[in-house]
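Engineer: First, the structure itself, so that you have it in front of you.
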Amino acid sequence: MQQIAEQVAADGTPDPEPARRPAAEQSATGAGERLRRTLAAAGAPIVLIALIVVFSLLRPETFPTTANLTTILSTQSILVILALGTLVPLIAGDFDLSIGFVMGFAAMESALLTVHGMAIPLAIAITLATGVAIGLFNGLVVEKVGVSAFIATLAVGSILAGFTTWISGGTVVNGVPAGMIDLGRTEVIGLQLPILYMALLVGVFYYALGHTPVGRYLYAVGGGRAAARLAGINTGRLRILAFVVSATTAALAGVVNTTVVGSASADFGSSYLLPAFAGAFLGATTIQPGRFNVLGTVVAIFLLAVGIAGLQQLSAPFWIPPVFNGGALLIAVGLAVWRQPRDA
Amino acid sequence: MERTAQPSPLLRVRGLSKTFDGVRVVDDFALDVRAGEAWGLVGTNGCGKSTVIKMLSGYHRPDPGSEVVLGTDGTAVQLAFVHQDLGLVPTLSLMENLALQQGYSTARGGRIRWREQRHRAQELLDRYGIDARPDTLVARLSTADEALLAMARALSAVHGDARVVLVLDEPTSSLADAEVARVLGAIRTLVADGSSALFVSHRLDEVLEVTDRVCVMRDGRVEATPATAELTHDRLMELMLGRRLAQQTPTVQGVATGAPLVEVRGAGGRRLRNCSLAVRPGEIVGVTGLLGSGKSELGRILAGAQPLATGEYLLDGKPVKLRGPRDAIDRGIAYVPPERRTLGSVAGLTARENLTLPALDGFWRHGRVQRGAERRETARWMERMGVRPPQPEKVMSTFSGGNQQKLVFAKWFRLDPRVLVLDEPTKAVDVGAAHDIYELVVASAERGVAVVLLSSEWEDLPRICHRVVVLDRGTPIAELTRAQLTPDSIAAASHAGAATHAVPGGE
Numbered sequence: 048m049q050q051i052a053e054q055v056a057a058d059g060t061p062d063p064e065p066a067r068r069p070a071a072e073q074s075a076t077g078a079g080e081r082l083r084r085t086l087a088a089a090g091a092p093i094v095l096i097a098l099i100v101v102f103s104l105l106r107p108e109t110f111p112t113t114a115n116l117t118t119i120l121s122t123q124s125i126l127v128i129l130a131l132g133t134l135v136p137l138i139a140g141d142f143d144l145s146i147g148f149v150m151g152f153a154a155m156e157s158a159l160l161t162v163h164g165m166a167i168p169l170a171i172a173i174t175l176a177t178g179v180a181i182g183l184f185n186g187l188v189v190e191k192v193g194v195s196a197f198i199a200t201l202a203v204g205s206i207l208a209g210f211t212t213w214i215s216g217g218t219v220v221n222g223v224p225a226g227m228i229d230l231g232r233t234e235v236i237g238l239q240l241p242i243l244y245m246a247l248l249v250g251v252f253y254y255a256l257g258h259t260p261v262g263r264y265l266y267a268v269g270g271g272r273a274a275a276r277l278a279g280i281n282t283g284r285l286r287i288l289a290f291v292v293s294a295t296t297a298a299l300a301g302v303v304n305t306t307v308v309g310s311a312s313a314d315f316g317s318s319y320l321l322p323a324f325a326g327a328f329l330g331a332t333t334i335q336p337g338r339f340n341v342l343g344t345v346v347a348i349f350l351l352a353v354g355i356a357g358l359q360q361l362s363a364p365f366w367i368p369p370v371f372n373g374g375a376l377l378i379a380v381g382l383a384v385w386r387q388p389r390d391a
Numbered sequence: 005m006e007r008t009a010q011p012s013p014l015l016r017v018r019g020l021s022k023t024f025d026g027v028r029v030v031d032d033f034a035l036d037v038r039a040g041e042a043w044g045l046v047g048t049n050g051c052g053k054s055t056v057i058k059m060l061s062g063y064h065r066p067d068p069g070s071e072v073v074l075g076t077d078g079t080a081v082q083l084a085f086v087h088q089d090l091g092l093v094p095t096l097s098l099m100e101n102l103a104l105q106q107g108y109s110t111a112r113g114g115r116i117r118w119r120e121q122r123h124r125a126q127e128l129l130d131r132y133g134i135d136a137r138p139d140t141l142v143a144r145l146s147t148a149d150e151a152l153l154a155m156a157r158a159l160s161a162v163h164g165d166a167r168v169v170l171v172l173d174e175p176t177s178s179l180a181d182a183e184v185a186r187v188l189g190a191i192r193t194l195v196a197d198g199s200s201a202l203f204v205s206h207r208l209d210e211v212l213e214v215t216d217r218v219c220v221m222r223d224g225r226v227e228a229t230p231a232t233a234e235l236t237h238d239r240l241m242e243l244m245l246g247r248r249l250a251q252q253t254p255t256v257q258g259v260a261t262g263a264p265l266v267e268v269r270g271a272g273g274r275r276l277r278n279c280s281l282a283v284r285p286g287e288i289v290g291v292t293g294l295l296g297s298g299k300s301e302l303g304r305i306l307a308g309a310q311p312l313a314t315g316e317y318l319l320d321g322k323p324v325k326l327r328g329p330r331d332a333i334d335r336g337i338a339y340v341p342p343e344r345r346t347l348g349s350v351a352g353l354t355a356r357e358n359l360t361l362p363a364l365d366g367f368w369r370h371g372r373v374q375r376g377a378e379r380r381e382t383a384r385w386m387e388r389m390g391v392r393p394p395q396p397e398k399v400m401s402t403f404s405g406g407n408q409q410k411l412v413f414a415k416w417f418r419l420d421p422r423v424l425v426l427d428e429p430t431k432a433v434d435v436g437a438a439h440d441i442y443e444l445v446v447a448s449a450e451r452g453v454a455v456v457l458l459s460s461e462w463e464d465l466p467r468i469c470h471r472v473v474v475l476d477r478g479t480p481i482a483e484l485t486r487a488q489l490t491p492d493s494i495a496a497a498s499h500a501g502a503a504t505h506a507v508p509g510g511e
């Protein structure tokens, strides 16, 4: 048995994929391959640093300033929180397209409740509970009824967009009480509270997805649901959990938005949907390439934000940001899959 | 070297080499295929035979200096290919699948002449003995018919009266033994008609049965090209492995006694009807049958992956109700499913993540999953199972088939199971790895594990099993004891059921 084992191991490679042989098995090219992988993993952080250096050189008086840093951090904090929510169903192998609309609905709900005099903690708790309920509904429709997640969450999102217009009467809701606004605008050690919320959530998600069994199980469910089930994982419960997490996180992002803006409008949530997904997909090309991951997503969102902030300081026209976002996503994902062996 | 009396080869290959990033995967490959000759191409995983096929088909570009000549004396010769996955689209009809390669015959304005198309398809189906209409969806074909359809399509693309060298890359790897005969028959007919074939297979018995000569590859080079008539199964294996067979195929010894450890009584499911089976500690019970026998369903039921529609499940003589795979795992039942890539492992996760998946809790300490401990445990198991070099962080899908399957076994052996349920554990695994896997199975039984081996490898079952149960349409129709077990007796018992029914084989 030993000899046969050696024989098998010595030629080693998967027969159907000989093109991967050198990368996978040969120690001679192992060092080069490791370097390539390290570079791939570090690609986005390197570009992020490069952008910061370039813009700092071009606009030394406005770009490398504390004010600019905190502006970028605080304007992106809500998007980062939303993207963290998006990430969880994506890891488990499902799209949740309702998140932007959950966010919009939650922003409106929390604004209306507080404007009408409800105690702020209670209003926030009810809004988050709404998020839990929506996520549970999404999860049950997907897992128990068997509607594809893409369709189910698109439908739920559309319904929520309608409800948001309905409860607001189609107008901007102003007059959010000061106590609520304090939660979004107070500064602690020079940073607005939303930045701290974001930092806290990034920590929680990083830990839960990367270092707990539940996180590992989510990756297994996303990688192969049938195989995960046979390994003893309760795949149904995890999928539902993923939708609950995404909707609740989106609701939280909505609440934070209301505290920052001090008002709520009926249609803002949908504009966040695509950037959140772009962040998650771009993030999957870095830090842990090939996997949706928390740090990659954060780096990706700030990469895009820094790029846009810099371009704006260079007086780029107003239509540049979405073009930059889309171009960066295409290039990053394109580079990640380029020249990888693929099937005939 | 060649005698002048022999006809000049249809296909001549000289000095064919392929280098990937400085590594010679194929080195100076040479081959002459003459009209009316069937060649086998064999070797263990990674020997380079797939790369040779991919160079012939144009998927990989050979290194400079390689020479591939079709029709050495000026005759028109074409290569036709049947690849391992057959390249059929299940959601399209037979006719549409044929047209993927032939194209459609169109009238003015690009309108497809459906009637003519259908007629041409029917002719092909008849010629290859595929009992189906042109409008049938490929998804409804049996696997043998799928293989024949892929062959028919490859050959129908040959122009005019060009001679053909048909290259078949593992066309039988997903077929049950009983179905293989039809595909081999088609190859034989083709060769008898003056074409040639190059047949790649892990199944040495088939190679011995259907070919005239065999090209044995090892480490990227041609090891030998003996005439098939001079070969035996063991001799061929020795050539592939490059050494004498160290020992006999693992063989089970003795008789298992004692009360049954795992048992189903009157089990019923989708296809399974009134199926009873009891396995004692230390016993290896083979379960086999033709396609559609329901043996895979029995495996899923034993593994808790499918609920019992009727009947009872007993462990240690006590009735149990398994609500899912987790219940089975917790009771010491391990299940190796038939599909390694989609069921046996999570292809995109690493070896480490796969190995620890069913029992991750053991690595949960100080508020986090201890990856270092996981990695050491994985490396230890890779060492023990002969997966070398041990690379715990390598992605599962990049291992060879045999090594993937060994890792699937390691995942379960780690939990020290009392019951092993194995569904086609050596499918699409090279001979060396299959040998290792059988050895592990026999060793487990010697430690007192109850083994249910669901398999259609009739050649192997007699050596590995204490007894074999034959299923037909979901019901046991025969049980062969150790003394009665031979490949022929299993074949006879399996076909006995089919013979009593109007519809043979198939679904």
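Top to bottom, those sequences are chains A and B. For what it's worth, the numbering used here labels the leading residue of the first sequence as 48, then goes sequentially. For what it's worth, the numbering used here labels the leading residue of the second sequence as 5, then goes sequentially. Don't be surprised by glycine CBs; every beta carbon is placed ideally from N, CA and C. What you are looking at is a predicted structure, and each value in this text was computed from that prediction instead of being measured.
Does any C-beta atom of chain A lie closer than 8 Å to the C-beta of B:I305?
Structural biologist: Taking Cβ atoms only, chain A never reaches closer than 8 Å to B:I305, which makes this a no.
Engineer: If you drop the 5 nearest sequence neighbours on each side, which residues of the same chain put their C-beta closer than 8 Å to that of B:L419?
Structural biologist: I333, G336, A338, P362, A363.
Engineer: Which residues of chain A have a Cβ atom closer than 7 Å to the Cβ of B:T346, listed in chain order?
Structural biologist: In chain order: G271, A273, A274.
Engineer: Just tell me which of B:G298, B:T314, B:L152, B:V453 has its CA closest to the CA of B:P269.
Structural biologist: The sequence given here has Arg at residue 269 of chain B, not Pro. Ranking the options by Cα distance to B:R269, first place goes to B:T314.
Engineer: Taking Cβ positions only, does A:G279 come closer than 8 Å to chain D?
Structural biologist: Considering every chain present, this structure includes no chain D. Its protein chains are A and B.
Engineer: Can you give the beta carbon distance from B:V204 to B:E183, rounded, assuming they're within the 8 Å contact cut?
Structural biologist: Not confirmed; about 18 Å, so no contact.
Engineer: If contacts are defined as beta-carbon pairs under 8 Å, then B:D216 and B:H237 qualify, I think. What distance do you get, rounded to the angstrom?
Structural biologist: Contact flag wrong, Cβ pair sits at about 17 Å.
Engineer: Counting contacts by CB-CB distance shorter than 8 Å, is B:S12 in contact with chain A?
Structural biologist: Answer no: the Cβ-Cβ gap between B:S12 and chain A never drops below 8 Å.
Engineer: When you compare the CB positions of B:A351 and B:Q395, do they come within less than 8 Å of one another, or not?
Structural biologist: Their beta carbons are not under 8 Å apart, which means B:A351 does not touch B:Q395 by this criterion.
Engineer: Expressed to the nearest angstrom, what Euclidean distance is found between the alpha-carbon atoms of A:R263 and B:P68?
Structural biologist: Distance between the alpha carbons of A:R263 and B:P68 is about 47 Å.
Engineer: Given that A:R263 touches chain B, what residues does it touch there, using C-beta distances under 9 Å?
Structural biologist: Under the 9 Å cutoff, chain B gives L353, E357, T360, L361, L364, V373.
Engineer: From the DSSP output, in three-state form, read off A:I173 for me.
Structural biologist: Helix, per DSSP.
Engineer: Determine the direct distance from the alpha carbon of B:Q310 to that of A:I167, and round the result to whole angstroms.
Structural biologist: Using only the alpha carbons, I get a separation of about 49 Å.
Engineer: Can you tell me where the alpha helix (DSSP H) with B:V56 in it begins and where it stops?
Structural biologist: Run containing B:V56: 53-60, per the alpha helix (DSSP H) assignment.
Engineer: Beta carbons nearer than 9 Å to chain B: which residues of the region 227-260 of chain A have them?
Structural biologist: Correct list: Y254, G257, H258, T259, P260.
Engineer: Where does B:Q121 sit, in a helix, a strand or coil, going by DSSP?
Structural biologist: Helix at B:Q121.
Engineer: In the DSSP assignment, the alpha helix (DSSP H) including B:F33 goes from what residue to what residue?
Structural biologist: Counting along the chain, B:F33 falls outside any alpha helix (DSSP H), though it belongs to the beta strand (DSSP E) covering 27-37.
Engineer: Residues in the region 467-490 of chain B with C-beta within 8 Å of chain A's C-beta atoms, listed in sequence order?
Structural biologist: Cβ contacts with chain A come from no residue of the region 467-490 of chain B.
Engineer: Cβ atoms of A:V303 and A:G222: under 8 Å apart, would you say?
Structural biologist: Contact flag unset, no.
Engineer: Can you list, in chain order, the residues of its chain with a C-beta nearer than 6 Å to that of B:T255? Leave out the 5 residues immediately preceding and following it.
Structural biologist: So the qualifying residues of the chain are R467.
Engineer: So with CB distances below 7 Å, who are the chain B contacts of A:Y319?
Structural biologist: Within chain B, no residue comes near A:Y319; the closest Cβ sits about 29 Å away, beyond 7 Å.
Engineer: On the CB-based measure, 16 or more other CB atoms within 10 Å of its CB, does B:D139 come out buried or exposed?
Structural biologist: Counting Cβ neighbours within 10 Å, B:D139 comes out exposed, since fewer than 16 surround it.
Engineer: For chain A, is any of its Cβ atoms less than 8 Å away from the one on B:S349?
Structural biologist: Interface residue, yes.
Engineer: Restricting to runs no shorter than 3 residues, where is the beta strand (DSSP E) found entirely within the region 164-200 of chain B?
Structural biologist: As far as the region 164-200 of chain B is concerned, its whole beta strand (DSSP E) runs of at least 3 residues are 167-173.
Engineer: For a contact defined as C-beta to C-beta under 9 Å, what are the partners of B:A454 on chain A?
Structural biologist: Under the 9 Å cutoff, chain A gives no residues; its nearest Cβ is about 19 Å from B:A454.
Engineer: Can you list, in chain order, the residues of its chain with a C-beta nearer than 6 Å to that of B:R186? Leave out the 5 residues immediately preceding and following it.
Structural biologist: The answer, listed in chain order, is A148.
Engineer: Can you list the alpha helix (DSSP H) stretches of 4 or more residues lying completely in the region 303-371 of chain A, in chain order?
Structural biologist: As far as the region 303-371 of chain A is concerned, its whole alpha helix (DSSP H) runs of at least 4 residues are 317-330, 341-360.
Engineer: Could you give the residue range of the alpha helix (DSSP H) that holds B:F413?
Structural biologist: 405-417 is the extent of the alpha helix (DSSP H) around B:F413.
Engineer: Note down, in chain order, every chain A residue with its Cβ under 8 Å from the Cβ of B:R330.
Structural biologist: Neighbours of B:R330 on chain A, chain order: G279, I280, N281.
Engineer: With 16 as the cutoff for other CB atoms within 10 Å, does A:T233 come out buried or exposed?
Structural biologist: Exposed is the call here.
Engineer: Round the Cβ separation of B:R18 and B:A39 to the nearest angstrom and send it over; I've been treating them as touching at under 8 Å.
Structural biologist: Not really, about 19 Å apart at Cβ, beyond 8 Å.
Engineer: Taking the alpha helix (DSSP H) that A:S145 falls in, what are its first and last residues?
Structural biologist: That residue, A:S145, is in no alpha helix (DSSP H); it is neither H nor E in DSSP.
Engineer: Per DSSP, what kind of secondary structure is A:A180 in: helix, strand or coil?
Structural biologist: Note: A:A180 maps to helix in three-state DSSP.
Engineer: What is the rounded straight-line gap between the Cα of A:G309 and the Cα of A:P260?
Structural biologist: Distance between the alpha carbons of A:G309 and A:P260 is about 39 Å.
Engineer: What would DSSP say about B:T8, mapped onto helix, strand or coil?
Structural biologist: Below a pLDDT of 50, predicted positions are generally treated as unreliable, and B:T8, at 46, falls in that range; no measurement from the model is reported.
Engineer: Which chain A residues are close to B:A309, counting only those with a beta carbon under 8 Å from its beta carbon?
Structural biologist: What B:A309 touches in chain A: R276, L277.
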